[in-house]
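Each residue of the sequence shown is one higher than the last, beginning at 117 in our numbering.
Step one of this worksheet: look at the structure below.
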Amino acid sequence: LLVEDDPLLGDALRAGLGQAGFDVDWVRDGQAALSALSDGEHAAAVLDLGLPRLSGFDVLARARGAGVKVPILGLDAGADDYVVKPAELAEVAARLRALIRRSGGEPSPALEVGDVALDPAARSVRHRGHEVELKPREFDLLHELMLNAGRVLSRERLESRLYAWGEEVGSN
117 LLVEDDPLLG DALRAGLGQA GFDVDWVRDG QAALSALSDG EHAAAVLDLG
167 LPRLSGFDVL ARARGAGVKV PILGLDAGAD DYVVKPAELA EVAARLRALI
217 RRSGGEPSPA LEVGDVALDP AARSVRHRGH EVELKPREFD LLHELMLNAG
267 RVLSRERLES RLYAWGEEVG SN
């Protein structure tokens with residue numbers, strides 16, 4: 117979850133984090149952030165402090181008060197980690213990956229199911245030791261399926277995991 121009211125910075129972060137392999141839902145005010153954090157659908161959040169409708173400090177305090185456990189990358193005030201703006205995109209992505217790992221969002225550094233090995237941090241896949249090239253969405257789908265090996269997943273669950281808010285879902 118990206119919470120940023122500045123359109124230029126938000127657009128750049130969303131694009132950059134998307135290229136780094138994250139599915140990004142972007143909201144632009146504190147009320148929307150609090151609602152999104154409460155839904156339990158996000159592995160982590162990047163939270164700006166100066167937000168309209170409800171400050172980032174208030175969002176953080178209310179979310180923690182309500183028992184929301186989503187790791188938050190922000191600035192002080194109870195966040196799990198913080199960066200000072202302007203921050204390098206690579207640093208933001210690295211800190212997000214570390215927060216997600218520490219919070220249990222990645223059960224292990226690598227997943228293995230049968231002859232397939234997937235490394236979420238490196239975004240790489242190997243089949244019988246040979247590198248397999250996948251498009252970002254294909255990688256995300258395989259990752260979700262491997263995390264849930266042996267379980268049946270509904271189309272709705274897969275769509276919610278693979279597509280950002282407001283992103284059109286193709287029929288395939």
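Where is the CB? At the ideal position from N, CA and C, for every residue including glycine.
Note that the structure is a prediction, hence the values are computed from the model and not measured.
**CA-to-CA distance, G137 to L62, given in whole angstroms** = Lying before the first or after the last residue shown, residue 62 is absent from the chain, which here runs from 117 to 288.
**Request:** Evaluate E228 with the Cβ neighbour count: other Cβ atoms within 10 Å of its Cβ, from every protein chain shown; 16 or more gives buried, anything less gives exposed.
**Result:** Here residue 228 corresponds to residue number 112 of the sequence shown, with the count starting at 1. Burial call: exposed.
**Request:** Entirely within the region 126-181 and at least 3 residues each: give me those beta strand (DSSP E) ranges in chain order.
**Result:** 161-163
**Prompt:** Closest to L165 by CA distance: which of D174, E284, A159 is it?
**Reply:** Taking the sequence shown and counting its residues from 1, one reaches residue 165 at position 49. Nearest option by C-alpha distance: D174.
**Asked** Rounded to whole angstroms, how far is the Cβ of D121 from the Cβ of R144, which I believe are closer than 8 Å?
**Response** Counting from 1 along the sequence shown, the entry for residue 121 is found at position 5. Counting from 1 along the sequence shown, the entry for residue 144 is found at position 28. The Cβ separation is near 5 Å, so the contact holds.
**Asked** If we ignore side chains and look at the alpha-carbon of each, how far apart do L118 and D141 end up?
**Response** Against the sequence shown, residue 118 aligns to sequence position 2. Against the sequence shown, residue 141 aligns to sequence position 25. Taking the straight line from one Cα to the other gives about 6 Å.
**Request:** Go through its chain and collect everything with a Cβ distance to V285's Cβ below 6 Å, but skip five positions before and after it.
**Result:** If you number the sequence shown from 1, residue 285 lands on position 169. Around V285: E275, Y279.
**Top-ranked residue by Cα proximity to V232, from R217, A238, V248, A203** = As a first step, residue 232 is located in the sequence shown; it is residue number 116 there, counting from the start. Ranking the options by Cα distance to V232, first place goes to V248.
**Asked** With 16 as the cutoff for other CB atoms within 10 Å, does D155 come out buried or exposed?
**Response** For this step, residue 155 is matched to residue 39 along the sequence shown. Classification for D155: exposed.
**Message:** Output needed for G132: all residues of its chain with C-beta closer than 6 Å, excluding positions within five of it in sequence on either side, in chain order.
**Reply:** To locate residue 132, count along the sequence shown from 1; it is residue 16. The answer, listed in chain order, is L205.
**Message:** Could you give the first and the last residue of the continuous beta strand (DSSP E) run that contains V186?
**Reply:** Reading the sequence shown from its first residue, position 70 is the one you call residue 186. From DSSP, V186 is part of no beta strand (DSSP E); its letter is neither H nor E.
**Message:** How far does the alpha helix (DSSP H) with S219 in it extend, from its first residue to its last?
**Reply:** Position 103 of the sequence shown holds residue 219. Looking at the DSSP string, the run of the alpha helix (DSSP H) that includes S219 is 205-219.
**Message:** In the DSSP output, which residue or residues are listed as bridge partners for H259?
**Reply:** Translated into the one-based positions of the sequence shown, residue 259 becomes position 143. DSSP, once it has assigned bridges, lists no residue as partnering H259.
**Prompt:** Is L153 near V186, with beta carbons less than 8 Å apart?
**Reply:** Counted from its first residue, the sequence shown places residue 153 at position 37. Counted from its first residue, the sequence shown places residue 186 at position 70. Result yes, Cβ atoms of L153 and V186 sit closer than 8 Å.
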